[in-house]
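The structure appears right after this line, and notes come after that.
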Amino acid sequence: MTPTEGTQRRTGEPPKKKGEGLFWLIDPVLKLGEGEFVYTEGCLSIPDEYEEVTRFGHIVVEFTGRDGKRRQLEATNTLLSVCVQHEMDHLQGKLFVDHLSALKRELIRRRLKKHKAQREAERKGEATAL
Ligand SMILES: [Zn+2]
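Heads up, the sequence shown is in the numbering used here, so the first residue is 16 and it goes up one at a time.
So this is what it looks like as structure tokens:
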């Protein structure tokens, strides 16, 4: 049991349904970014790669909610402040590796290339076995 589930049971709230707690940030704009926060990030776009990324610690983001109203979100040194910046990067075609040194990026690129070659070799092996 997670602490969250325990809290929900104690307060008599129904357990959260799948997808609940998701929220939408439409047209997000970073209004304020200050300080630094380091977090080990990964991304579905780059499987099995995790690196420390330095981002703003304190952020204020303006966005449109699903109700069409313009709102603000503030987060400081949390997973939320990291996630929002990570996802906003995606909107501009950036990945977390773009925050790393050229050397680290190159090492990751080589590992991905090697994994891709291994997968292709495995596929070819399976094809000839058929
Ligand atoms: Zn991502």
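Beta carbons: idealized from backbone N, C-alpha and C, even for Gly.
If you draw a straight line from the alpha carbon of residue i to that of residue j, how long is it in whole angstroms?
i	j	result
LYS131	GLU56	21 Å
GLY48	ARG138	46 Å
ASP63	ALA90	27 Å
ARG86	GLU77	6 Å
PHE38	LYS128	35 Å
GLY36	VAL112	27 Å
CYS58	GLY83	29 Å
ALA136	ILE123	20 Å
GLY140	GLU102	38 Å
LYS33	GLN133	36 Å
LEU94	SER116	22 Å
Closer than 8 Å by C-beta to residue i: which residues in its own chain qualify, once you throw out the five before and the five after it? Chain order, please.
i	result
GLY72	GLU49, GLY50, GLU51, PHE52, THR91, ASN92, SER96
VAL99	LEU40, PRO43, ILE74, VAL76, LEU88, ALA90
LEU106	PRO43
Could you round the C-beta distance between residue i and residue j to whole angstroms and report it? I think they count as a contact, below 8 Å.
i	j	result
VAL68	TYR54	6 Å
ILE61	LEU110	6 Å
Which same chain residues, not among the five before or five after residue i, have their C-beta less than 7 Å away from its C-beta?
i	result
GLU121	none
Would you mind working out which of the options sits nearest residue i, comparing C-alpha positions?
i	options	result
ARG126	LYS33, LYS32, THR79, TYR65	TYR65
PHE104	GLU141, ARG70, LYS32, GLY140	Here residue 104 is Asp; the residue named in the question, Phe, does not match the sequence. Comparing Cα-Cα distances from ASP104 to each of GLU141, ARG70, LYS32, GLY140, the minimum goes to ARG70.
Tell me which residues share the same chain as residue i and place their Cβ nearer than 6 Å to its Cβ, disregarding the 5 neighbours each side in the sequence.
i	result
GLY80	ARG86
HIS114	VAL68
LYS46	VAL75, GLU77
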